[in-house]
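The block underneath contains the structure these notes are about, expressed in structure tokens.
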Amino acid sequence: MSVNQQAHAGPPYGQPQPGYQGYQQPGYGGQPLPGVPHSQYGAYNGPMPGYQQPVPPQGYFPSLGFPSKGSPVSLNSDTSSLAPNFVGLLRAPPASGALPPASGASLSSGHPVYSQFGQGDVQNGIPASAAQMHRPPASQPFLPSSAPTPVSQPSTFQQYGPPPASAQQLSNHMAGMTIGSTSTSAPPPAGLGYGPPTSVPPVSGSFTATGSGLYTPYTSSQGPPPTSVSQGLPLAQPPFSGQPTSTQRLPTQVPGFAPPPSSTGIGPSLYPPTTGAPRPSPMQGPPLPGQTVAGPPASQPNHVSSPPPPSTMSGPHPGPPPMSGLHGPPPPTHPPQPGYQMQQNGSFGQARGPQPSYGGAYPGSPNYGSQPGPPPPPKRLDPDSIPSPIQVIEDDRSNRGSEPFVTGVRGQVPPLVTTNFLVKDQGNASPRYIRCTSYNIPCTSDMAKQSQVPLAAVIKPLATLPPEEALPYLVDHGESGPVRCNRCKAYMCPFMQFIEGGRRFQCCFCSCVTEVPPHYFQHLDHTGKRVDFYDRPELSLGSYEFLATVDYCKNNKFPSPPAFIFMIDVSYNAVKSGLVRLICEELKSLLDYLPREGNMEESAIRVGFVTYNKVLHFYNVKSSLAQPQMMVVSDVADMFVPLLDGFLVNVNESRTVIASLLDQIPEMFADTRETETVFAPVIQAGLEALKAAECAGKLFIFHTSLPIAEAPGKLKNRDDKKLINTDKEKTLFQPQTSFYNNLAKDCVAQGCCVDLFLFPNQYLDVATLGVVTYQTGGSIYKYAYFQLETDQDRFLNDLRRDVQKEVGFDAVMRVRTSTGIRATDFFGAFYMSNTTDVEMAGLDCDKTITVEFKHDDKLSEDSGALLQCALLYTSCAGQRRLRIHNLSLNCCTQLADLYRNCETDTLINYLAKYAYRGVLNSPVKTVRDALINQCAQILACYRKNCASPSSAGQLILPECMKLLPVYLNCVLKSDVLQPGPEVTTDDRAYIRQLVTSMDVAETNVFFYPRLLPLTKADVDSDSLPAAIRNSEERLSKGDIYLLENGLNIFVWVGVNVQQGLIQNLFGVSSFSQISNALSTLPVLENPFSKKVRSIVDMLQVQRSRYMKLIIVKQEDKLEMLFKHFLVEDKSLCGGASYVDFLCHMHKEIRQLLS
């Protein structure tokens, strides 16, 4: 038995595998095969010509790799062990052994070069007829030059020749094996099932076995990749393509692609995941011709095998059995979790052992002299071998969760948003207030353009802090107000430089020198610091507040406390669904919880009430009245408020009148037949009431239907699914009329913020109704097909939080920067009347403003760059305040420093907002392509300028950006950019507005949901079970899982879950009795029920909205909705799987590099 035999042929190339009938594959080449569905990748760049790739430099062996933790290099570095994997400066090629020798040359140990190409196979663009294979004698072993045995390898490690070099040394020899030669042609060696000499040249590249290559590359010409033994596919002679690296644990099995039939001209096809398919295990050194390869080892000491996933495939697996022999580096000493092998670093997720279902050696006899056998079937890349979000999150938690994050140092990258950490403010604002896409920004605009990394900050000025962190101090400078720079008006902060013994200070933003006011003078110590440095928050902290003087107020007079006006739709739908009664009941108790300043006895906020359908009803609830009085305004074309005194009242004073009103409203409209509503006049009424009371405030509008009644702002139903994927699709996101934009402008001027609660049963035009909410800094909540029994908890929790949360009114925000950069673009829920001031009628603790910066001059590495965000607002007690956040960033002249200090979560937050704004003006396809292109440019720039020299076939990702492809794919597959058939136009407009003011933690879980195996939860501890990756193949039929994305919580129940667990969680005796209609989990007295409910409660508290609970039974109709959130898989509406998208990104990067 020899290694040269071909494995059994699987299904024809490009056809669905058994078990996946009718499943379309994204064809990654361009030309469709007969009988194969067209590429679904139209959304990316249309059909691709079959992967014409840049020609890699002669003598390079392309193969894909991913960086290890702590190293920005690939898994398959072509340099020798002299180039260690470190995150350092750009690495020069090592002096010796870096480049593989030229054809026919010998390796350092004196052995001839092995090539893996036969005649007619091009490796690096050499014409087919000129390439010839150098083939060593069949029995010659591969002997690396001096190679000490690594201590970590167990003694049973099988060797071929001397043991492999420690850590990285094999790399050079193995990479060097693949150099094509330029001699004259010879007949093709038998056994290489590649077809006649003139067929298609193969991909120049292959899979590596260990810590480096994880992926087959795309072709450098157009054809199939040569297989190598490390993929578990036989060849006539051993190509060496594996290399251990020092810092990386390799997944124990790395599959490759086998070549497609040689007559096709397209690149490798990627099959969908096949649950239970065995994956060939890697080999550290391939066996030589004539050696047999054993089946899976029964007990290989350096191999941690995990339980195999249940096999769902029928028929034989289209691929070779797993190979043993040499496996990757030995497993870590700690025991693996079931089905989950921990890696030593965050690069790759779970590793799986060989599957026990396949036996020993390849069947059949050697075909040395026979004609080539059928080509092996295409292989799918192992999802365990590509960067795992779960692993990166876990690593950051374990590395950075225990120490407090001290903000004293310039340009520090904070822990990830998914890590729980404590912040100590020592001069820079906490990452809870500001996060940046990069904490080390390029010194010049040319460098910034070259890298394409957007420079942006996501700012959440009123963010809620955990109880153990101190709120910003309030500084009162009396009538003179805060000390500011004379020229740029920046506020006093820790970066200002005091000079001349403390009599003047030099501005850190514009360098202007300003006199210190006499009352503010203080002497300096021997270091040049003021002696009161630690007594003054504005000199020692990154975030603080100033009490504003009357100069900072409208019309130079202090503001009145704000008002809340509740405006309730009482049309037929709202009354019939029970909504009106529910709102009135809730408001009776909720009004006792209006926001108030820290030590105040009661809230200063006044309240008012309006109901409406086609006309508006105002209520006088003055405390002196025995009963509330109703006044009707039917002239909606010219809105006015019919009463001043008694409309806005203090809750405590008018308590009995308000309670009486709230009891009467549901009765008054119980028999209504009015179905039509108005909308714009409702906002106008609220605005006029606030104007009359000369105060700012918030309108809470509860609305059910498209406003079609005759009135200003009347809308028509313009919903049209046929516009999707056309140039007119953008109109679906734009308001139908400019009326609401003008209304929003008036609201902002008055400080009238609008929060909108929508309860639609059909199209409502969120894109238009949401305009005022969006531009005034308000929030939209949407409850489609509202039903009392299933939706009331969610609605009431949202309403309570919305009424109670901290909010600033009449807010203006300005971001100042030090010389060299300036704020150029803003994203979020606000209005801008000029290019610098962000105006918000209301700004609450959940809203973020994202700011993009551009260079307008050079920056210096010494001084760095500074940002100061100043927010002027009225507190809920009517106090005018300034909240200041300062942040200092580093500047760099080396691109490597930029890439080492980026934060992918913030980058994705910015890119999503940029794209979601783009759909207002451009076709969705254009927006998607621009996103892919920008990310490809970011990664290509890194590859070209920062990664060590290696072949173009490798995908090399920066360490802190290795999740950029998976997260970007999630943004591309989101409902706004790629809607499925069940997503409504309103849903898309709603999500678009929601994401635009999300913070980084919210976009993180929204685009890559959290998936928790509930059955693995420890009922005795407070901790959450370890999350798993978002893919169907991670789910087991015998388990229960929870998935949350910030808007919904799904509880997925497998068909084989034990009856006892079902009884404990749902209180029913079998799977079939579980009800989909549950909106809360039943309260049962057992540890499992308590644990799961406590997990749900814990997640609800973390999110700004109350998440809807949805029970999903496996194989039920709701499962399609659930699967939509398994974002690593291919989506039904054509979105790529993570694996496919990574390959697509790699192709884009290689095109840019050529």
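In this note's numbering, each residue carries its 1-based index in the sequence shown increased by 155. Beta carbons are placed, not taken as given, at the ideal position from N, Cα and C, and that holds for glycine. Since we're looking at a predicted model, the values are computed, not measured.
What residues match up with Arg1248 in a beta bridge as DSSP calls it?
Working through the sequence shown from its first residue, we reach residue 1248 at position 1093. According to DSSP, Arg1248 bridges with nothing at all.
Within 10 angstroms of the Cβ of His1315, are there 16 or more other Cβ atoms? Answer buried if so, exposed if not.
The structure shown has nothing for residue 1315, since the chain only spans 156 to 1309.
Output yes or no for whether 8 Å exceeds the beta carbon distance between Leu898 and Val927.
Position 743 of the sequence shown, counted from the first residue, corresponds to residue 898. Position 772 of the sequence shown, counted from the first residue, corresponds to residue 927. Taking 8 Å as the Cβ cut-off, Leu898 and Val927 qualify as a contacting pair.
Going by beta carbon distance, what residues of the same chain come within less than 8 Å of Asn711, once the five residues before and after it are set aside?
As a position in the sequence shown, residue 711 is number 556, starting the count at 1. Here the set comprises Val705.
Return the first residue and the last residue of the alpha helix (DSSP H) that Gly556 is part of.
Position 401 of the sequence shown, counted from the first residue, corresponds to residue 556. Note, Gly556: premise wrong, no alpha helix (DSSP H); not H, not E.
Under DSSP, the alpha helix (DSSP H) around Glu693 begins and ends at which residues?
By one-based count along the sequence shown, residue 693 stands at place 538. Element bounds for Glu693: Pro692 to Ser695.
Is the Cβ-Cβ distance between Val993 and Ile1004 less than 8 Å?
Working through the sequence shown from its first residue, we reach residue 993 at position 838. Working through the sequence shown from its first residue, we reach residue 1004 at position 849. Yes, these two residues count as a Cβ contact at 8 Å.
Of the residues Asn583, Lys1192, Arg555 and Leu571, the one placed nearest Val564, counting alpha carbons only:
Counting from 1 along the sequence shown, the entry for residue 564 is found at position 409. When only C-alpha atoms are compared, the closest one is Asn583.
Please state if the CB of Pro1164 and the CB of Ala1172 are separated by a distance shorter than 8 Å.
Locating residue 1172 in the sequence shown gives position 1017, where the first residue counts as 1. Locating residue 1164 in the sequence shown gives position 1009, where the first residue counts as 1. With respect to Pro1164, Ala1172 sits apart: the two C-beta atoms are not nearer than 8 Å.
Simplified DSSP state of Val578, which is helix, strand or coil:
Position 423 of the sequence shown holds residue 578. Correct three-state label for Val578: strand.
Quick one, which of Ser1178, Arg1072 and Val668 has its alpha-carbon nearest Gln652's?
In the sequence shown, the residue the question calls residue 652 occupies position 497. Measuring from the Cα of Gln652, the nearest candidate turns out to be Val668.
Closest residue to Leu870 among Asn880, Arg828, Ile820 and Ala922 (Cα-Cα distance)
Stepping through the sequence shown from its first residue, residue 870 is reached at position 715. Nearest to Leu870 by alpha-carbon distance, out of Asn880, Arg828, Ile820 and Ala922, is Ala922.
Would you identify the three-state DSSP class for Gln1109, choosing helix, strand or coil?
For the purposes of this step, residue 1109 is taken as the residue at position 954 of the sequence shown. Looking at Gln1109 - three-state DSSP - the assignment turns out to be coil, as it is neither helix nor strand.
If we call anything under 8 Å between Cβ atoms a contact, is Gln1092 one with Gln546?
Within the sequence shown, residue 1092 is the residue found at index 937, counting from 1. Within the sequence shown, residue 546 is the residue found at index 391, counting from 1. Against a cut-off of 8 Å, the Cβ pair of Gln546 and Gln1092 comes out as no contact.
Within 10 angstroms of the Cβ of Phe664, are there 16 or more other Cβ atoms? Answer buried if so, exposed if not.
Locating residue 664 in the sequence shown gives position 509, counting from the first residue. Label assigned to Phe664: buried.
Taking only three categories from DSSP, how would you classify Pro477?
On the sequence shown, residue 477 is found 322 positions in, with the first residue counted as 1. Here the model assigns Pro477 a pLDDT of 40, short of 50, so the residue's position is not dependable, and the following value carries that caveat. DSSP places Pro477 in coil when its eight states are reduced to three.
Who are the near neighbours of Gly1073 in its chain, counting only those whose CB is closer than 8 Å to its CB and skipping five residues on each side?
As a first step, residue 1073 must be located in the sequence shown, where it is residue number 918. So the qualifying residues of the chain are Thr1081, Val1082 and Ala1085.
Continuous beta strand (DSSP E) assignments of at least 3 residues falling wholly in the region 782 to 834:
Note on the region 782 to 834: whole beta strand (DSSP E) runs with a minimum of 3 residues are 784 to 788, in chain order.
Where Ile1304 falls, given that 16 or more other Cβ within 10 Å makes a residue buried
Residue mapping note: residue 1304 aligns to position 1149 of the sequence shown, counting from 1. The residue in question, Ile1304, is buried, as its Cβ has 16 or more Cβ neighbours within 10 Å.
Let's see if you can read the secondary structure: which residues bound the beta strand (DSSP E) around Ala1025?
Counting from one through the sequence shown, the residue named residue 1025 turns up at place 870. Ala1020 to Thr1029 is the span of the beta strand (DSSP E), which, as asked, contains Ala1025.
Tell me, please, whether the region 857 to 866 touches the region 826 to 833 by the rule of three or more beta-carbon pairs shorter than 8 Å.
yes
Determine, using beta carbons only, whether Val1155 and Asn1231 come nearer to each other than 8 Å.
Start at 1 with the first residue of the sequence shown, and residue 1155 comes out as number 1000. Start at 1 with the first residue of the sequence shown, and residue 1231 comes out as number 1076. Going by C-beta atoms, Val1155 is not nearer than 8 Å to Asn1231.
At the level of alpha carbons, what is the spacing between Leu817 and Ile760?
The count along the sequence shown starts at 1 and reaches residue 817 at position 662. The count along the sequence shown starts at 1 and reaches residue 760 at position 605. Between Leu817 and Ile760, the C-alpha separation is close to 19 Å.
Where does Ser1259 sit, in a helix, a strand or coil, going by DSSP?
Taking the sequence shown and counting its residues from 1, one reaches residue 1259 at position 1104. Coil.
From what residue to what residue does the alpha helix (DSSP H) around Pro1120 run?
Within the sequence shown, residue 1120 is the residue found at index 965, counting from 1. Segment Leu1119 to Leu1127, the alpha helix (DSSP H) holding Pro1120.
So the alpha helix (DSSP H) Phe773 belongs to, where does it begin and stop?
Reading the sequence shown from its first residue, position 618 is the one you call residue 773. Per DSSP, Phe773 lies in no alpha helix (DSSP H); the unbroken beta strand (DSSP E) holding it starts and ends at Leu771 to Asn775.
Do Leu1236 and Val1247 have their C-beta atoms within less than 8 Å of each other?
Working through the sequence shown from its first residue, we reach residue 1236 at position 1081. Working through the sequence shown from its first residue, we reach residue 1247 at position 1092. Contact flag set, yes.
Are there three or more Cβ pairs, one per stretch, closer than 8 Å when the region 873 to 890 is compared with the region 806 to 821?
no
Grouping DSSP H, G and I as helix and E and B as strand, with all else coil, what is Gln1269?
Position 1114 of the sequence shown holds residue 1269. Coil at Gln1269, not helix or strand.
On the criterion of 16 or more Cβ atoms from any shown chain inside 10 Å, does Val1174 qualify as buried, or is it exposed?
Residue numbering aside, residue 1174 sits at position 1019 when the sequence shown is read from its first letter. By the neighbour-count rule (16 or more Cβ atoms within 10 Å), Val1174 is not buried but exposed.
Do Thr974 and Phe1008 have their C-beta atoms closer together than 8 Å?
To locate residue 974, count along the sequence shown from 1; it is residue 819. To locate residue 1008, count along the sequence shown from 1; it is residue 853. Not in contact: Thr974 and Phe1008 (Cβ atoms no closer than 8 Å).
Pairing CB atoms from the region 1185 to 1197 with CB atoms from the region 1282 to 1292, are three or more of them under 8 Å?
yes
Have a look at Val570 and Cys1057 and give me their C-alpha separation to the nearest angstrom.
Here residue 570 refers to the residue found at position 415 when the sequence shown is read from its first residue. Here residue 1057 refers to the residue found at position 902 when the sequence shown is read from its first residue. What sits at residue 570 in the sequence shown is Pro, not Val. If you take the alpha carbons of Pro570 and Cys1057, they lie about 12 Å apart.
Could you spell out where the beta strand (DSSP E) holding Glu127 opens and where it closes?
Nothing about residue 127 can be read from this structure; the chain reaches only from 156 to 1309.
What does DSSP give as the partner residue(s) for Leu1197 in the beta ladder?
Reading the sequence shown from its first residue, position 1042 is the one you call residue 1197. According to DSSP, Leu1197 bridges with Leu1167 and Val1206.
Near Gly932, what residues of its chain come up, given a Cβ to Cβ distance below 6 Å and the 5 sequence neighbours on each side ignored?
Position 777 of the sequence shown, counting from 1, holds the residue named residue 932. Excluding residues within five positions, the ones whose Cβ falls inside 6 Å are Cys908, Ala984, Phe985, Met995, Ala996, Gly997 and Leu998.
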